[in-house]
Ligand code: DAH
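This is how it looks when you write it as structure tokens:
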């Protein structure tokens with residue numbers, strides 16, 4: 034009889050071990066405890082009852098077996114209970130609440146466009162340099178062939194700095210050309226990104242603060258075909274291989290000759306007379322450029338008989354606006370998240 038019981042208990046041990054391993058919650062723990070210890074139907078009390086029918090000689094041995102089993106079950110259940118306890122001790126955490134989401138930030142579309150434009154020139158070996166937003170009238174105008182009464186000063190309604198003579202908020206990034214050329218010996222090629230300021234009344238295509246990227250390359254025997262080759266390569270890299278370019282004669286006091294560069298409309302390809310981007314012309318103006326004026330080179334201590342170069346300037350905001358079909362420039366600066374989130 035005792036051998037039979039011992040066998041049965043061995044089996045019970047196996048079953049219990051498998052069961053106790055599965056316990057993950059206090060509820061399961063309670064269920065298992067009941068199965069083994071509930072007063073009337075629990076496995077341990079039932080085993081104890083069977084002692085009555087066991088012959089006296091074997092009683093002591095059987096009792097020991099059952100007790101050992103009972104202790105083992107009790108101890109395992111206690112251990113499991115302590116393992117589960119931490120979740121009882123942290124009443125502050127309610128695992129049933131919905132998760133708190135953290136929306137990650139993202140660079141503004143203007144910032145992203147600027148980096149993308151910069152990267153193309155960086156890949157072509159251009160250095161990136163910056164100049165101050167508050168600039169001398171000399172660098173912003175005079176050194177760039179725009180003398181005090183030159184009509185070009187009227188085009189750019191300027192913010193003058195009160196109480197500081199001859200200082201302005203730069204109206205373009207071109208003065209960085211002057212600073213850069215004065216500090217270096219050619220050959221060099223660099224781009225100058227940054228904020229510029231004009232006293233424009235805000236409307237769909239004007240804001241008093243906007244962003245430009247200026248470019249400059251100076252070396253021996255640089256001519257207009259270099260300018261054209263580089264800028265066409267840049268335009269293809271940014272707008273795609275199928276884009277056509279058009280060079281129109283232009284005027285800037287600091288370049289001679291000067292050209293304005295248009296690209297074919299990437300929305301309608303000139304096919305839609307009412308295109309919202311090109312207004313039916315088929316062309317979009319995106320760059321001003323030209324061969325650096327010999328006078329400007331001289332202002333910076335560079336001999337125009339030995340060196341020549343080209344320069345260009347573009348509006349980052351305008352390019353972002355055209356590329357994404359944004360109807361109003363002011364939207365970039367209003368910080369309406371519904372607008373900004375579209376460009377994450
Ligand atoms: N500074 C000019 C502007 O703000 C843009 C520009 C035109 C820059 C021609 C250049 C250039 O370097 O060569 O309108």
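Residue numbers (the working numbering): 34 to 377. Virtual Cβ for every residue (Gly too), placed ideally from N, Cα, C. Owing to the predicted nature of the structure, the values given are computational and were not obtained by experimental measurement.
- Distance from the C-beta of residue 168 to the nearest heavy atom of ligand 1 is not below 7 Å.
- Restricting attention to beta strand (DSSP E) runs no shorter than 3 residues, the region 123-175 encloses them at 167-169, ordered along the chain.
- Rounded to whole angstroms, the Cβ separation of residue 278 and residue 324 is 17 Å, and the two are not in contact under 8 Å.
- Annotation for residue 232: no alpha helix (DSSP H) segment contains it, and DSSP assigns it neither H nor E.
- Residue burial annotation: residue 203 is buried, with at least 16 other C-beta atoms found within 10 angstroms of its C-beta.
- Residue 266 has its CB no nearer than 7 Å to any heavy atom of ligand 1.
- Between residue 296 and the set 310, 318, 166, the nearest pair of CA atoms involves 318.
- Contact between residue 322 and residue 264 holds, since their C-beta atoms are separated by about 6 Å, short of 8 Å.
- By the criterion of a C-beta distance shorter than 7 Å, residue 224 is surrounded in its chain by 151, 154, 159, 161, 246, 247, 248, once the five residues flanking it on both sides are discounted.
- A Cβ-Cβ contact shorter than 8 Å links residue 276 with residue 299.
- The criterion of a C-beta distance shorter than 8 Å is not satisfied by residue 244 and residue 310.
- The straight-line gap separating the alpha-carbon atoms of residue 281 and residue 294 is approximately 6 Å.
- The nearest non-hydrogen atom of ligand 1 is 7 Å or more from the C-beta of residue 341.
- Three or more beta-carbon pairs drawn from the region 203-212 and the region 162-181 are found closer than 8 Å, and the two stretches are therefore classed as touching.
- Collapsing the DSSP output to three states places residue 68 in a helix.
- Residue 251 places its beta carbon less than 8 Å from that of residue 214.
- In this chain, the alpha helix (DSSP H) harbouring residue 270 covers 257-272.
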